[in-house]
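Chains as they are written, first to last, in the working numbering: chain V, 363 to 719; chain W, 637 to 895. Worksheet for the structure shown next.
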Amino acid sequence: MTDKNLLNNDRRDSLKNQYVKYTYRKAILIIVLAPLLVFLIGGAVSIGSAEVSWGQIYIAIMERLFPGNYQASRLSWLVVWELRLPRVIMGLLAGLGLGMAGGVMQSVLRNPLAEPYILGIASSAGFGASLAILLGKGLIGGQYLIITNAFIFALICSGIIFAISSGKRAKPDTVILIGVAMNFFFQAMNTLMLYFADPDAVKTAMFWMVGDLGRVTWQNIALTTPVILLCCTFLLWKANDINILDAGDDYAISLGVRVPKLRITLMIIVSLLVSGIVCFTGAIGFVGLVAPHICRIFIGGDNRFLLPAAGLLGAVLLITADTVARTIISPAILPVGIVTTFLGVPLLIYLIMQKKG
Amino acid sequence: MKLKLKDIEFTYSSVPVLNKISFEVQDTEFIGIIGPNGSGKSTLIKCIDQILKPQGGTILLDGETINNIKNNDIAKAFAYVPQKTDTVFSLNVFDAILMGRTPHSGWRNNQYDLDMVEKVIKRMNLEDIALRDIKELSGGQQQKVLIARAIAQQTKMLLLDEPVSNLDIRHQLEVMDILVELVRDEKLSLIMVIHDLNLASRFMNRIIMMKDGNIFAAGSSAEVFSETNISQVYGVDVKIIEEEGFVHIIPFRKAVCSL
C-alpha cells in the first residue's frame, strides 16, 4: 500500500520530466534516420550496373574532394560524378522536400489524404512539360525549356487555387475541392494534347510524367537546392503554427493566429517547394503521402518533430527506391516513380494494419 | 479587466444572428448565457473573441476598441473553450494544454510554460491521462483538457462554449467548483454558454437569457428564472422551487400556448 503511494507520488512529482523524456524520445527517430541516410547515400553510390569496385568508387570521391592525393580510373570517376551522385543527391533533396511538403499539407488542409500534389501541381507541371516537349515552345527557350515550362504551369495552377480560395477564407474543404478540379482540368488538357501528338513525343511526355531522377544534372541541383532548403527552413520555423492549425480554425484564431493568411502562406511555400522538385524530376508519387504517415505512427503529430522526420524518411525511401530502380532489372533502369509506389503501398498498409491490431 | 459590448450585430449569409446586443462585464463576474438552440449564444462569444467579426457595434476592452488591439494581445486577454476538440491528427494531453501557452511563448516552450502546464494538469486531475492521445479520451475528459488549456493561457477572461455538457454530474460539479475558484482567487471573469439551467442558477452571478439574437432578460438567477420567462423563451412549462438558497427549475411539458 505504502509502496504504491510512494510510486504515485514519485510519478506525480515528475510529470514535467516525464513529458520532457517522452518528447525527447520522439527525437530518436530523427537520430536514427540521419546516419541511416548517410549510410544509404554511400551504398547507393556504390551499387549499380557498371562494374566498378567499392574501393574505386571511394577513391573517385576522395579525388574530387582532396585533389592531388588520389588517382581514380576514368570509368569510376564518370560513374560516380556524372551518373550516380547527381541522382542520389537529387533523391536526397526531393525526398526531403516531398516528405515535409506532405506532412505540412496534411495539417494545413486538415486531411490525412492530403499530399504534395493535392493542389494539382503534378498534372499542371506535366501539362507544361508536355507543351514544351510536343510544341517545342515555352515561355523561356534553350535547355531549360521543359523545366521552366513545368515550373511556371505548376505555379499558375497554384495561383488559380489561391485566388479562388482566398475569397472563401481559405477553408480546407474549399481548397481541396478546387485542387481536385484543377487536377482534372490539367489532366484533360494533357490528354487532349497527347491525343493529337506524334507517338515519339507522346512517349517522351509520358516518361517525363512518371517521375525519374535520371535526367538530373549538377546545374539542376545547384538551381533547386536553395529553393528546397529555404522552403524547408521556413516550414520548420512555422511548425508550431502548423500544430495550432490542426487544433481547429476557431481555436487557432482565438490564440492570435491569422488563419487564412497562414494557410495561404504555407500553401504558397509548399507549392514553390514541390514545383521546384517536380520540374526537374517529374511527379514522383507516394513519398509525400507515405513518409509523414509512417512517422506519425511512431512519433505522433507534433510538427516540430514530424516534419524533419518525414523529410529524412522521404529521402531514405526515395534513395532506396532509386537504387532498386537502377539495379532490379539491370542494365535497364526503371523510373523511380513506379518503384516508390510499389514499395510504399505495402509498407503503409502493413504499418496501418499493425497499429489497428 | 472591463469588457463592454455595445450594439453588437452579426449576420450570417444575410440571416441576422445577433441583433444589437449590449452588456458589460466587470472583474470577477461569472456570467451564464442561456437560451434555446440557435438563439445566438455561441456566435456571441465568438464575436467577443474576434473569431467572428461583428458587422456592427463596438467591443471595448478596458475602454479601448478591440479592433485596435493586436491579435496576440487579444489572445492574452481572452481564452476560448470550444464545444469539442477538433484535432485531425494525434496530440497528447500535455501538448494540447501546452498549446494554450502560445500567446506567451516562442518556438520552444520554456521551463515556466512546462511548470504551468503541470500545475494545471494537477488542478484539473488529469495526471493519469497526461501523455494519452486526446482523441482516445472520452468526451468528458476531452472537455476537461480544453478547460485546462484555457486556464494555462493565463488570461483575465475565459469564454466557454458549453464546457460541461459531456461531463457526468460529479465531474460537472468538480469543474464548476474549479471555475468558481478561478473567479474568486485569481479575479478572472467568465462568460459561459450553458444549457443546464440548474447549474447556471447555482454557480453564476449573472444570467443573460437570449432569444432569437436578442437579450430577452438579464440579471440574477432569481430574477431571470421565472416561470413566465422560461415558458416564453423555451416554450416549456416549468415549476421553480427554492432549495438551499438556489433557484431550481423542474421542467414539466412543452407549453401549449406559446410558439
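Think of the CB as a built atom: it goes at the ideal place given N, C-alpha and C, for glycine as much as any other residue. Owing to the predicted nature of the structure, the values given are computational and were not obtained by experimental measurement.
Limits of the beta strand (DSSP E) - the one that residue i falls within
{"i": "His831/W", "result": "It is not in any beta strand (DSSP E) - His831/W carries neither H nor E in the DSSP assignment."}
{"i": "Phe888/W", "result": "882 to 890"}
{"i": "Ala732/W", "result": "First-last for Ala732/W: 729 to 734, but that is the alpha helix (DSSP H), not the beta strand (DSSP E)."}
{"i": "Asp873/W", "result": "872 to 879"}
Where residue i meets chain W, residues with beta-carbon distance less than 9 Å
{"i": "Lys623/V", "result": "Going along chain W, no residue has its Cβ under 9 Å from Lys623/V, so there is no contact; the nearest lies around 11 Å."}
{"i": "Pro474/V", "result": "Val724, Phe725"}
Interface partners of residue i on chain V, CB under 9 Å
{"i": "Tyr716/W", "result": "Asp612, Tyr613, Ile615, Ser616, Leu617"}
{"i": "Ser650/W", "result": "The contacting residues do not exist; Ser650/W stays about 17 Å from chain V at best."}
{"i": "Met735/W", "result": "Asn602, Asn605, Ile606, Ala609, Tyr613, Leu617"}
{"i": "Glu817/W", "result": "Simply none; closest approach about 20 Å."}
{"i": "Asp685/W", "result": "Asp612, Ile615, Ser616"}
Chain V contact for residue i (CB, 7 Å cutoff)
{"i": "Ala711/W", "result": "yes"}
{"i": "Asp698/W", "result": "no"}
{"i": "Thr647/W", "result": "no"}
{"i": "Asp797/W", "result": "no"}
{"i": "Asp804/W", "result": "no"}
{"i": "Asn708/W", "result": "yes"}
{"i": "Ile827/W", "result": "no"}
{"i": "Pro672/W", "result": "no"}
{"i": "Thr738/W", "result": "yes"}
Endpoints, the alpha helix (DSSP H) within which residue i is located
{"i": "Asp684/V", "result": "665 to 689"}
{"i": "Thr553/V", "result": "534 to 557"}
{"i": "Ser408/V", "result": "377 to 408"}
{"i": "Phe725/W", "result": "Premise fails: Phe725/W is in no alpha helix (DSSP H) and is neither H nor E."}
{"i": "Ile420/V", "result": "It should be pointed out that residue 420/V corresponds to Tyr in this sequence rather than to Ile. It spans 416 to 427 - the alpha helix (DSSP H) in which Tyr420/V sits, taken as one unbroken run."}
{"i": "Leu624/V", "result": "621 to 643"}
Contact under 7 Å by Cβ, residue i with residue j
{"i": "Asn746/W", "j": "Leu734/W", "result": "no"}
{"i": "Ala858/W", "j": "Val874/W", "result": "no"}
{"i": "Gly676/V", "j": "Val649/V", "result": "yes"}
{"i": "Met462/V", "j": "Leu597/V", "result": "yes"}
{"i": "Met840/W", "j": "Phe646/W", "result": "no"}
{"i": "Ile866/W", "j": "Ala854/W", "result": "no"}
{"i": "Asn431/V", "j": "Ser485/V", "result": "no"}
{"i": "Val829/W", "j": "Val781/W", "result": "no"}
{"i": "Ala784/W", "j": "Met752/W", "result": "no"}
{"i": "Gly699/V", "j": "Gly573/V", "result": "yes"}
{"i": "Lys607/W", "j": "Glu660/W", "result": "Not covered by the structure: residue 607/W. The range shown for chain W is 637 to 895."}
{"i": "Leu475/V", "j": "Ala494/V", "result": "no"}
{"i": "Leu581/W", "j": "Ile827/W", "result": "Residue numbering for chain W in the displayed model covers 637 to 895; residue 581/W lies beyond these limits and cannot be assessed."}
{"i": "Val652/V", "j": "Leu399/V", "result": "no"}
{"i": "Gln808/W", "j": "Val816/W", "result": "no"}
Chain W contact residues for residue i, given Cβ-Cβ distances below 7 Å
{"i": "Lys378/V", "result": "Leu750, Asp751, Glu754"}
Status (buried if at least 16 other CB within 10 Å, exposed otherwise) for residue i
{"i": "Phe667/V", "result": "buried"}
{"i": "Trp580/V", "result": "exposed"}
{"i": "Tyr479/V", "result": "buried"}
{"i": "Trp599/V", "result": "exposed"}
{"i": "Ile886/W", "result": "exposed"}
{"i": "Lys720/W", "result": "exposed"}
{"i": "Asn552/V", "result": "buried"}
{"i": "Gln618/W", "result": "What is shown of chain W runs 637 to 895, which leaves residue 618/W out entirely."}
{"i": "Ser633/V", "result": "buried"}
{"i": "Lys623/V", "result": "exposed"}
{"i": "Gln505/V", "result": "exposed"}
{"i": "Thr864/W", "result": "exposed"}
Under 8 Å by beta carbon: chain W residues contacting residue i
{"i": "Asp664/V", "result": "Leu727, Asp731"}
{"i": "Arg620/V", "result": "Asn707"}
{"i": "Ser469/V", "result": "Val724, Phe725"}
{"i": "Arg658/V", "result": "Phe725, Ser726"}
Closer than 7 Å to chain W by CB, residue i
{"i": "Ile714/V", "result": "no"}
{"i": "Arg446/V", "result": "no"}
{"i": "Phe489/V", "result": "no"}
Interface partners of residue i on chain V, CB under 8 Å
{"i": "Leu767/W", "result": "Gln380, Tyr381, Tyr384"}
{"i": "Pro682/W", "result": "According to the sequence provided, residue 682/W is Lys. The question's Pro does not apply to it. The contacting residues are Asp612."}
Chain-ordered chain V contacts of residue i [CB-CB under 7 Å]
{"i": "Ile644/W", "result": "Simply none; closest approach about 17 Å."}
{"i": "Ile757/W", "result": "Leu377"}
Any non-hydrogen atom of the ligand ATP within 6 Å of residue i CB
{"i": "Val753/W", "result": "The ligand ATP is absent from the structure shown, which contains no ligand whatsoever."}
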